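Single-structure report; data block below.
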Amino acid sequence: MAHSDREVADVIQEVLLDEQAIAARVAELAERITADYAEIDDLVLVGVLKGAFIFMADLTRRFKVAHHVDFIALSSYNSGTESTGAVRLIMDTRTSVTGRNVLIVEDILDTGHTLDYLLRTFSARQPRSLRTCVLLSKPARLQVKVPVDYLGFEIPDKWVVGYGLDFADKYRTLPFIGALKPEVYQ
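Encoded structure:
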């Protein structure tokens, strides 16, 4: 869904990360991951829908290593804007990860509950290795300590949209990451 410049100006308080900063960091992450998995031929990337789809697409297009792409969908929010802390599986992967190298690709690390759930779930499936790649982290909101192997950016505790992230399923396709004006979500 395209948004008019006026509509975006009405909801975005500030641009935290522009297109160029995101593209440069994604390229750096892809280079590191490619180097780390250079000798691996069974890498499975698991993107967390819906938020990680743009990040994962850009990331994998820059890989120079064989990989398989799969997705998982979870919910940790109620009908409002607060995470419940309880994570619910909506759609599981289609690929078996037993004995394979798994890289979970997530859009944002907020409280840590979702990534903790994913790490526990995938560990139980006995992968050869299990790592995480997260675009954004909000250290101020972290409630559960989880390992992040590849991190794009740390950001302040603001509601962000764009580059896959949304508010009420809007603004995902903005080419930058912007902080919403508080009056939009309060």
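Using the working numbering, the first residue of the sequence shown is number 167, and each one after it goes up by one.
Just so you know, even glycine gets a beta-carbon here, dropped at the ideal spot from N, CA and C.
In this text, all values refer to a predicted model and were calculated from it rather than measured experimentally.
- Exposure of A306 is indicated by the presence of fewer than 16 other C-beta atoms within 10 angstroms of its C-beta.
- Contact annotation: the segment 177-189 does not touch the segment 233-241, with fewer than three C-beta pairs closer than 8 Å.
- Straight across, the Cα-Cα distance linking N267 with K304 is about 27 Å.
- L281 is positioned such that its CB atom lies closer than 9 Å to that of V312.
- Between I321 and I188, the gap from beta carbon to beta carbon reaches 9 Å or more.
- For L296, there is no enclosing alpha helix (DSSP H); the enclosing beta strand (DSSP E) covers residues S295 to S303.
- For A189, the enclosing alpha helix (DSSP H) begins and ends at E185 to D202.
- The DSSP-derived three-state label of Y316 is strand.
- Between the alpha carbons of E180 and G265 lies a distance of about 44 Å.
- Remark: C-beta atoms of I274 and V310 do not approach each other more closely than 9 Å.
- G318 is positioned such that its CB atom lies closer than 9 Å to that of L195.
- A straight line joining the alpha-carbon of V192 with that of F219 spans about 13 Å.
- Where E272 is concerned, the enclosing beta strand (DSSP E) starts and stops at N267 to L275.
- Under DSSP, the beta-bridge partners assigned to A345 are E180 and V326.
- By the beta-carbon neighbour count (other beta carbons within 10 angstroms, threshold 16), E197 is exposed.
- In this structure, L255 lies away from I270, with their beta-carbon atoms at least 9 Å apart.
- Within a 10 Å sphere around the beta-carbon of P341 sit fewer than 16 other beta-carbons, which makes this residue exposed.
- In this structure, DSSP gives I238 an extended state, which the three-state scheme calls strand.
- Per DSSP, reduced to three states, the secondary structure at R254 is strand.
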